[in-house]
Amino acid sequence: AQKVTQAQTEISVVEKEDVTLDCVYETRDTTYYLFWYKQPPSGELVFLIRRNSFDEQNEISGRYSWNFQKSTSSFNFTITASQVVDSAVYFCALRGRGSTLGRLYFGRGTQLTVWP
Amino acid sequence: NAGVTQTPKFQVLKTGQSMTLQCAQDMNHEYMSWYRQDPGMGLRLIHYSVGAGITDQGEVPNGYNVSRSTTEDFPLRLLSAAPSQTSVYFCASSYDQETQYFGPGTRLLVL
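Just so you know, the protein sequences line up as chains F and P, in that order. FYI, this note's numbering numbers position 59 of the first sequence as 306, with every residue one higher than the one before it. FYI, this note's numbering numbers position 59 of the second sequence as 61, with every residue one higher than the one before it.
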């Protein structure tokens, strides 16, 4: 079974605060891929990052960083010094090698609101 | 490149009407898929295609048909719309069946 849990439904922060979005996944596959997508108020889905199960190195891209820990089945996303433009729904997704070809399993999303 | 394009952006249908949601990509991706997004549900896979002439069902295929006559296009057909099909529909494409790039979405309301 493949499952992604984003326990935080909504998060509100004030600009310049750091914020971490949690993602916990379940899979029996030994090879899998994890993703984060951003959905701004305009509605499109923007790809942010893909991480392979055999690569546990953390990644940093500007103000964004991702912490992948296989031991806890987590793939958390941190925004440093948040900005109003970061306000969006963020989805974590899983693609297991044993799942339907190409199918992504999405979490229910975390609504992030950054106040000025 | 335009990426993944979808038309229309918005559509209102009456129960029982049929329509086709269009999806096109200009990245020469073999893999394309359709998802629907419902409030609090994330996205769920409807149908997918690994290349021209090849399609298969996803998680929630009932009430939808697809075809893939060219690499570029992957239309989604609603044969007889039902209120339960009110949703936002996203088309996606991928070069490696892993990282998927989504179109802007079509918002559908069935009355």
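Think of the CB as a built atom: it goes at the ideal place given N, C-alpha and C, for glycine as much as any other residue. Since the structure is predicted, the reported quantities are computational estimates derived from the model, not experimental observations.
* Asked: Are F:Tyr-284 and F:Phe-338 touching if we call contact CB-CB under 8 angstroms?
  -> In this structure, F:Tyr-284 lies near F:Phe-338, with their beta-carbon atoms less than 8 angstroms apart.
* Asked: Cβ atoms of F:Asp-265 and F:Ile-326: under 8 angstroms apart, would you say?
  -> For F:Ile-326 and F:Asp-265, yes; Cβs fall inside 8 angstroms.
* **Residues that P:Pro-106 contacts on chain F, provided the C-beta gap is smaller than 9 angstroms** => Close partners of P:Pro-106 in chain F (Cβ separation under 9 angstroms): Ser-289, Gly-290, Glu-291 and Leu-292.
* **Span of the beta strand (DSSP E) around F:Cys-339** => Run containing F:Cys-339: 335-343, per the beta strand (DSSP E) assignment.
* To do: Specify the secondary structure class of P:Gln-87 as computed by DSSP and reduced to three states.
  => For P:Gln-87, the secondary structure class from DSSP, reduced to helix, strand or coil, is helix.
* Exposure label - F:Arg-344; buried when at least 16 CB within 10 Å -> By the C-beta density criterion, F:Arg-344 is exposed, having fewer than 16 other C-beta atoms within 10 angstroms.
* Name the two residues that bound the continuous beta strand (DSSP E) containing F:Val-266. => Segment 266-268, the beta strand (DSSP E) holding F:Val-266.
* P:Lys-16 (DSSP reduced to helix, strand or coil) -> Taken through DSSP and simplified to helix, strand or coil, P:Lys-16 comes out as coil.
* To do: Mind the definition here: the region 19-35 of chain P touches the region 283-299 of chain F only if three or more C-beta pairs lie below 8 angstroms; say whether that holds.
  => With a cut-off of 8 angstroms, the region 283-299 of chain F and the region 19-35 of chain P do not count as touching, because too few Cβ pairs lie within range.
* To do: Tell me where the beta strand (DSSP E) around P:Gly-53 begins and ends.
  => Per DSSP, the unbroken beta strand (DSSP E) holding P:Gly-53 starts and ends at 45-53.
* Determine, using beta carbons only, whether P:Arg-70 and P:Ser-51 come nearer to each other than 8 angstroms. => Yes, Cβ-Cβ distance for P:Arg-70 and P:Ser-51 is below 8 angstroms.
* Asked: Does the beta-carbon distance from F:Phe-240 to F:Ala-340 come in below 8 angstroms?
  -> It is not possible to answer for residue 240 of chain F, since the shown part of chain F is limited to 248 through 363.
* With P:Phe-76 and P:Met-34 assumed to form a contact (beta carbons below 8 angstroms), what rounded beta-carbon distance in angstroms separates them? -> About 4 angstroms; that satisfies the 8 angstroms criterion.
* **F:Thr-319 - DSSP class collapsed to helix/strand/coil** => When DSSP states are grouped into helix, strand and coil, F:Thr-319 belongs to the helix group.
* Are F:Val-361 and F:Val-331 closer than 8 angstroms when you measure CB to CB? -> Cβ distance < 8 angstroms, so F:Val-361 and F:Val-331 count as in contact.
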